[in-house]
Amino acid sequence: MMLKRMKLSTKVYLLIGLALAFLPFINDSRWFMFLMIQIFVFAIFAMSYDLLLGYTGIVSFGHAMFFGVGAYSAAIVMDRMEASFVSFLLGTLVAVLIGGFISFLAGMLTLKLKSHYYAMLTLALAGMFLYIAERWRSVTGGNDGFTFRIPELPGFLEEHRNFVIYLFCLLAMILLFFGMKRITESPLGRVLVGIRENDQRVESLGYRIMPYKVLISVISGMVASLSGVLYAISIRFVDTSVFDIQVTLDALMMTIIGGVGTLTGPIIGSAIINFSHHYLSDLANIHWIFQRWMILFGAIFILAVIFFPNGIVGTIQNKLAKRKTKKKQYDTTEKSLRKEGA
Amino acid sequence: MELIINLSINGIATGMLIFLIASGLTLIFGLMSVLNFAHGGLFVWGAYSGVFFFSLTGSFWIGILCAIVTGLILGLLTEVFIIRPVYGNHIRQILITLGLMLVLSELIKVVFGPNVLPAPVPDYLKGSWLIGDITIIKYRMFIILVGALIFCLMFFTLRYSKIGLIVRAGVMNKEMVQALGINIKKIFIFVFMVGSALAAFAGALFAPSAGAIYSELGMEFGIYAFIVVIIGGMGSIPGSLVAALLVGLANTFTAYYVPILSMVVTMLLMLIVLLFRPQGLFNVSGVSNK
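Residue numbers (our numbering), protein chains in the order written: chain E, 2 to 343; chain S, -1 to 288.
So this is what it looks like as structure tokens:
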């Protein structure tokens, strides 16, 4: 019954999710599982980023701070307490609360100003978090970071720990994907797109812009913190690299390559970027340019912004939409011609 | 007392360097509302080319000249190839200049090597003066003097020359200037190149005072420059000077007395300004921040 009422797209998404769940049975090598988990985690992170960039038109340069805060709070709570599911839940809760609080603060301060201010403030804030993480050695372990234990799984599941984490991250990604899809398709999402396109018009229609912007900034911060928690759990280790500007840049790149203003885009982008990270580092032995792959990264980024602003998913969607309208036009002209003939 | 004076000189010198970067940034923003996130990249390119040509030719001044030329060329290329395709779209401007920043700071490693580069002080600026109990490092005084000179030059050019008049008018109301038959895009290229050259110049001046340079400096000083622009008010040169000195002094003093807070204090300054005076200390009327 429920299947019948679903939209076709939802069915397709669920089917792909199911297929992904069975992927480890085909290839269960450690590095492949690890790579897939990274893809899921960063897909969640990039989707949360796209809520800001793609749906509301807010540029954040410090999204890594939510990721880092999530990773560190989960890790610290689980390290200090006994590794149990209670501590895991508590860590997640702490991560989400802190992430939400920071994004609320940053949003209240700068979202009523030009987009530059939010970008600059988040960039500076993320720099500050990195600095604190480096200096506050007693809690964060400084640059070396620290490892921690995650709760043991009951029974035979413990032997397939990696598989369970894989499924857990996949499930989280699917749930958060549908959750965010629900938000973007709701009236709230429509208002956000309106703010992106023309905030003055939205205001003159009687909406107060600030609460909407702050709300989406808080939601995005919370989801990003969750992805940080998953990241920490999947590698059982945190160090200051989670606050690195590179994390933000990765999310930016994933969103732009995959498709700004779509939720499937960041997932595809995450797959592309993670795979190319993996293979480009192998290529470093062949030619020196691959060692300095940041140049390639930056150049692709610039070209993508100029020539390919809609990303993969966006471009495909545009093409499909064009074809549809063409077909419609064709149909109507054909009908009218027939009428005239008769 | 000696300590306080020394720290003040140190802070003012740092502030002057940040002012040189921020002044270009603020004019570019005021004129075309383009926020150039790659501005710090020009700073570090200036630093490297200054040191490189200094060691090549043995003349400090040729090094500085080459840094300025590098800044002018990079500024021209940036304006034509990077900024022009994305005029009028803030989000794409922010993204694309960030991409450029990455390319610029990685290219440094390709051209000059990935290692930290030592940067010597020229012989005639080495050492320090002793006045009573107070030691004054010559090179820092030199930076302060040059910074003050540049500020005066910019201030008077903007106030009394024709091009300064057009730039000021453009910052206030771009459309009106265009309607009066002035090609604001040409003016903008000019300001962009001058701003880039100033950032490169600041880099060349900075390198000897730090003793060693590395490619990540661009991001660091870029962030300081943004903060200064926010505090000082976008589009205002005196605002940039005051804010830069404030940030420089606050940084040096906290770095000495409470080293843990040195990064935080700059952020706090910015937060306070954003809370109570979001348009900045010296807002040029007409430049909105909304």
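Glycine is no exception: its CB is placed at the ideal position from the N, C-alpha and C atoms. Remember, it's a predicted structure, so these values are computed and weren't measured experimentally.
Hey, how far is the Cα of residue i from the Cα of residue j?
i: F224 (chain S); j: G61 (chain S); result: 27 angstroms
i: A34 (chain E); j: A173 (chain E); result: As written in the sequence, residue 34 (chain E) is Met, which differs from the Ala given in the question. Cα to Cα, the separation comes out at about 16 angstroms.
i: I317 (chain E); j: F86 (chain E); result: 43 angstroms
i: R339 (chain E); j: K320 (chain E); result: 28 angstroms
i: V159 (chain E); j: F149 (chain E); result: In the sequence as presented, Val is not what sits at residue 159 (chain E); that position holds Glu. Their backbone Cα atoms lie some 17 angstroms apart in a straight line.
i: M268 (chain S); j: I229 (chain S); result: 6 angstroms
i: L250 (chain E); j: F130 (chain E); result: 16 angstroms
i: K113 (chain E); j: N181 (chain S); result: 32 angstroms
i: N287 (chain S); j: S57 (chain S); result: Reliability fails at N287 (chain S), whose pLDDT of 48 lies under 50, so the model's placement of it is uncertain and no value is given.
i: F110 (chain S); j: L304 (chain E); result: 25 angstroms
i: A197 (chain S); j: G108 (chain E); result: 31 angstroms
i: L98 (chain S); j: R90 (chain S); result: 12 angstroms
i: A131 (chain S); j: N4 (chain S); result: Looking at the sequence itself, residue 131 (chain S) is Asp, so the reference to Ala does not match. Their backbone Cα atoms lie some 11 angstroms apart in a straight line.
i: R324 (chain E); j: W294 (chain E); result: 38 angstroms
i: V42 (chain S); j: F179 (chain E); result: 45 angstroms
i: Y158 (chain S); j: M152 (chain S); result: 10 angstroms
i: V78 (chain S); j: M121 (chain E); result: 24 angstroms
i: M66 (chain E); j: D240 (chain E); result: 13 angstroms
i: I184 (chain E); j: I274 (chain E); result: 26 angstroms
i: M181 (chain E); j: M223 (chain E); result: 12 angstroms
i: E335 (chain E); j: F276 (chain E); result: 48 angstroms
i: T111 (chain E); j: P118 (chain S); result: 42 angstroms
i: S61 (chain E); j: S104 (chain E); result: 10 angstroms
i: S53 (chain S); j: V243 (chain E); result: 39 angstroms
i: S74 (chain E); j: K184 (chain S); result: 52 angstroms
Thinking just about the alpha-carbon of each residue, which of the options is nearest to the one in residue i?
i: I19 (chain S); options: S:L74, S:N8, S:I7 and S:G39; result: S:G39
i: S30 (chain E); options: E:K336, E:L176, E:I246 and E:Y167; result: E:Y167
i: P236 (chain S); options: S:F50, S:L25 and S:N4; result: S:L25
i: F26 (chain E); options: E:V165, E:L90 and E:E335; result: E:V165
i: T11 (chain E); options: E:I313, E:Y73, E:P310 and E:T265; result: E:T265
i: L24 (chain E); options: E:L171, E:I307 and E:F238; result: E:L171
i: S49 (chain E); options: E:I258, E:S221 and E:S205; result: E:S221
i: I187 (chain S); options: S:V108, S:D121 and S:M30; result: S:M30
i: Q277 (chain S); options: S:G28, S:P257, S:G193 and S:F17; result: S:G28
i: N113 (chain S); options: S:A248, S:I2 and S:I211; result: S:I211
i: K136 (chain S); options: S:D121, S:F149 and S:L147; result: S:D121
i: T93 (chain E); options: E:L193, E:Y208, E:Y232 and E:A127; result: E:Y232
i: I270 (chain S); options: S:V245, S:Y255 and S:V108; result: S:V245
Exposed or buried, residue i, counting other C-beta atoms within 10 Å across all chains shown (16 or more means buried)?
i: I80 (chain S); result: buried
i: Q39 (chain E); result: buried
i: V140 (chain E); result: exposed
i: A272 (chain E); result: buried
i: C289 (chain S); result: Lying outside -1 to 288, the shown extent of chain S, residue 289 (chain S) is not represented and no answer is given.
i: P267 (chain E); result: buried
i: D51 (chain E); result: buried
i: Y56 (chain E); result: buried
i: I161 (chain S); result: exposed
i: P206 (chain S); result: buried
i: L19 (chain E); result: exposed
i: E104 (chain S); result: buried
i: M217 (chain S); result: buried
i: I129 (chain S); result: exposed
i: R275 (chain S); result: exposed
i: T340 (chain S); result: Chain S is shown from -1 up to 288; residue 340 (chain S) falls before or after that span and cannot be answered.
i: L75 (chain S); result: exposed
Which residues of chain A have a Cβ atom closer than 8 angstroms to the Cβ of residue i, listed in chain order?
i: I80 (chain S); result: Within the model displayed, chain A is absent; protein chains E and S are what it includes.
> Can you list, in chain order, the stretches of the alpha helix (DSSP H) that have 4 or more residues and sit fully within the segment 224 to 272 of chain E?
Replying inline: The qualifying runs are 246 to 259.
>> So if I threshold CB-CB distances at 7 angstroms, which residues from the segment 106 to 136 of chain S count as touching chain E?
In response: K107 and V108
>> Which residues of the segment 113 to 131 of chain E have a Cβ closer than 8 angstroms to any Cβ of chain S? Give them in chain order.
In response: K113, L114, K115, S116, H117, Y118, A120, M121, L122, L124, A125, L126, G128 and M129
> Using a beta-carbon distance cut-off of less than 9 angstroms, what residues from the segment 54 to 69 of chain E approach chain S?
Replying inline: Against chain S - using a Cβ distance shorter than 9 angstroms - the residues of the segment 54 to 69 of chain E are L54, G58, I59, V60 and F62.
>> For the segment 82 to 97 of chain S, list every residue whose C-beta sits within 8 angstroms of some C-beta in chain E, in sequence order.
In response: P83, V84, H88, I89, R90, I92, L93, I94, L96 and G97
>> Residues of the segment 240 to 267 of chain S in Cβ contact with chain E at a cutoff of 7 angstroms, in chain order, please.
In response: Within the segment 240 to 267 of chain S, the qualifying residues are I258, M261, V262 and M265.
> Counting only runs that start and end within the segment 160 to 227 of chain S, where is the alpha helix (DSSP H) found for 4 or more residues in a row?
Replying inline: 160 to 170, 172 to 177 and 182 to 208
> If you scan the segment 29 to 115 of chain S from start to end, which runs of the alpha helix (DSSP H) of 4 or more residues do you find wholly inside it?
Replying inline: 37 to 55, 58 to 75 and 88 to 110
> Using Cβ-Cβ distances below 8 angstroms, what residues of the segment 96 to 112 of chain E are close to chain S?
Replying inline: L110 and T111
> Of the residues that make up the segment 261 to 276 of chain E, which ones have a beta carbon closer than 7 angstroms to any beta carbon in chain S?
Replying inline: none
> When Cβ atoms are compared, which residues of the segment 295 to 323 of chain E fall closer than 8 angstroms to chain S?
Replying inline: M295, I296, F298, G299, A300, F302, I303, V306, I307 and P310
>> Please list, in chain order, the residues of the segment 133 to 147 of chain E that have any C-beta partner in chain S closer than 7 angstroms.
In response: R136
> Using Cβ-Cβ distances below 7 angstroms, what residues of the segment 177 to 200 of chain S are close to chain E?
Replying inline: The segment 177 to 200 of chain S vs chain E, Cβ under 7 angstroms: nothing.
> Given a limit of 7 angstroms on CB to CB distance, which residues of the segment 218 to 234 of chain S reach chain E?
Replying inline: I221, F224, I225 and I228
> Taking any Cβ of chain S, which residues in the segment 202 to 219 of chain E have a Cβ under 8 angstroms from it, in chain order?
Replying inline: none
>> Suppose only complete runs of 4+ residues qualify. What are the alpha helix (DSSP H) ranges in the segment 21 to 70 of chain E, listed by chain order?
In response: 31 to 51
>> What are the residues in the segment 19 to 37 of chain S lying within 7 angstroms of chain E by C-beta distance?
In response: Shown in chain order are the members of the segment 19 to 37 of chain S whose Cβ falls below 7 angstroms from a Cβ of chain E: L33.
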